[in-house]
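Colleague: Starting off with a structure, shown below.
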Amino acid sequence: MPAKELPMTYKTILVHCDAGPKVAQRLVVAADLAERDAAHLVGLHASPPLEAPVFFEGMPMDSLFASYEAGAKADEGAARKAFDKALKGRHLSSEWRVTEGFIDTELAVQARYADLLVVGQTDPEAQTPTPSDLPESVVLSTGRPCLVVPHVGVRKPPGQNVLLCWNATRESARAAADALPFLRAARKVTVLVVDPRTSPNGHGAEPGADAAHWLARHGVKVTVQRDVAADTDVGGVILSRAADLDVDLIVMGIYGHSRVREMVLGGASRTLLASMTVPVFISH
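Sequential numbering of the sequence shown, starting at 815, is according to the numbering used here.
Right under this line is the structure:
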């Protein structure tokens, strides 16, 4: 008799905890996922190093350092308060970590010892030192998937109605495999194929069908939808279909590279990360 297949879950979830006003939104999502999977939830707060201005007047160095310490302590306290509030009333295995360093570097290192990283979408109106390209920077520099929570918040827990973006590349295959715990638990998964071109090294005769068959063997309830971008960019098509299907999670692979904080991404990735209204699961 074949052994019973164990359910696939995320057992360690790392969530970025800054002092921004939107941190509570990603903490609720992370805590809900940890509760669902009986996972260990790690909250990470990074205190950036003191960067003294090249030219400054009227403030001695010791006063500058004291001001930095006070600000760092206040930010850490606010982040910890939000973390504790999100866990209140839940029976979760949890851990609070504080590091000193730039958050993109610290998250990239710490995420290597987690199954899933949860961060917030870049908020153009935020008054925090968080890098504007944090989600893509971290996912391109570490070998772990990342769930990006929109700064507008979520209407419902992600993962019941999922849109999987598929273009038969290494990146989309990696994202689909990394997202299997979501896909297997979902009530509905739509494999979206935009402007497919059949080729021996990519899509088969029925674009998306090979991916659907593979997912079905994992017990995923999957359908395939093919679309044409026409004069619209692929990212725009993905967002439109996500709205049409009322999905609560988008899964996609991102491609690109980082050179001294200059991010180079595919157009669809850039569009989704800028205009997302539901959580986006990204992997590289």
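Glycine included, every Cβ here is placed at the ideal spot set by N, Cα and C. The structure displayed is predicted, hence computed values, not measured ones.
With DSSP run on the structure shown, which of helix, strand or coil describes G1022?
Modeller: DSSP places G1022 in coil when its eight states are reduced to three.
Colleague: Report buried or exposed for R958, applying the criterion of at least 16 other Cβ atoms within 10 angstroms of its Cβ.
Modeller: R958 is buried by the Cβ-count criterion.
Colleague: Taking the alpha helix (DSSP H) that V842 belongs to, which residues open and close that run?
Modeller: Its alpha helix (DSSP H) spans residues V837 to D851.
Colleague: Just to confirm, is the Cβ distance from H965 to K836 under 8 angstroms?
Modeller: Taking 8 angstroms as the Cβ cut-off, H965 and K836 qualify as a contacting pair.
Colleague: Cβ of P863 within 8 angstroms of Cβ of G915?
Modeller: Going by C-beta atoms, P863 is nearer than 8 angstroms to G915.
Colleague: Taking H905 as the reference, give the member of A838, A845 and V1092 with the closest Cα.
Modeller: Nearest option by C-alpha distance: A845.
Colleague: Measuring alpha carbon to alpha carbon, tell me which of H859, D1009, L921 and A990 ends up nearest V1034.
Modeller: Of the candidates H859, D1009, L921 and A990, the one whose C-alpha sits nearest the C-alpha of V1034 is A990.
Colleague: I need the DSSP call for M1077, collapsed to helix, strand or coil.
Modeller: With a pLDDT of 44 at M1077, under the threshold of 50, the modelled position of that residue is not reliable, and no figure is offered here.
Colleague: Would you mind giving the Cβ-Cβ distance between C960 and V952, rounded to the nearest angstrom? I have them listed as a contact below 8 angstroms.
Modeller: C960 to V952, Cβ: 6 angstroms. Contact.
Colleague: For R926, which residues from the same chain have a beta carbon less than 6 angstroms from its beta carbon, with the 5 sequence-adjacent residues on both sides left out?
Modeller: The residues are T956.
Colleague: Can you check the region 886 to 963 for any beta strand (DSSP E) of at least 3 residues that lies completely inside it and give the ranges in chain order?
Modeller: Here the runs fully enclosed are 907 to 914, 930 to 934 and 960 to 963.
Colleague: Measuring alpha carbon to alpha carbon, tell me which of W910, K895, E890 and L948 ends up nearest I917.
Modeller: If we check each option's Cα against that of I917, L948 comes out closest.
Colleague: Are G1067 and H1098 close, meaning C-beta to C-beta below 8 angstroms?
Modeller: Against a cut-off of 8 angstroms, the Cβ pair of H1098 and G1067 comes out as a contact.
Colleague: Determine the direct distance from the alpha carbon of P945 to that of F897, and round the result to whole angstroms.
Modeller: About 21 angstroms.
Colleague: What residue range does the beta strand (DSSP E) around G967 cover?
Modeller: Run containing G967: none; DSSP gives neither H nor E here.
Colleague: Which of the three DSSP states, helix, strand or coil, is assigned to V1098?
Modeller: According to the sequence displayed, residue 1098 carries His and not Val. Looking at H1098 - three-state DSSP - the assignment turns out to be coil, as it is neither helix nor strand.
Colleague: Is DSSP giving T826 helix, strand or coil here?
Modeller: Looking at T826 - three-state DSSP - the assignment turns out to be strand.
Colleague: Can you grab the Cα-Cα spacing for the pair L878 / E920, in whole Å?
Modeller: One C-alpha to the other measures close to 24 angstroms.
Colleague: Can you name, in chain order, every residue of its own chain whose Cβ lies under 6 angstroms from the Cβ of G857, other than the five neighbours on each side?
Modeller: Counting only Cβ-Cβ distances below 6 angstroms, and skipping sequence neighbours, we find V829, C831, F897 and W910.
Colleague: Relative to the C-alpha of L847, which residue among V1042, S1083 and P995 is closest?
Modeller: Cα-wise, what sits closest to L847 is P995.
Colleague: According to the neighbour-count rule (16 or more other Cβ atoms, all chains shown, within 10 Å of its Cβ), is T1037 buried or exposed?
Modeller: Classification of T1037: exposed, given that the 10 Å Cβ count is below 16.
Colleague: What is the rounded straight-line gap between the Cα of V963 and the Cα of T1085?
Modeller: Whole-angstrom Cα-Cα distance: 15 angstroms.
Colleague: Measuring straight from C-alpha to C-alpha, what distance separates R998 and V976?
Modeller: Cα to Cα, the separation comes out at about 10 angstroms.
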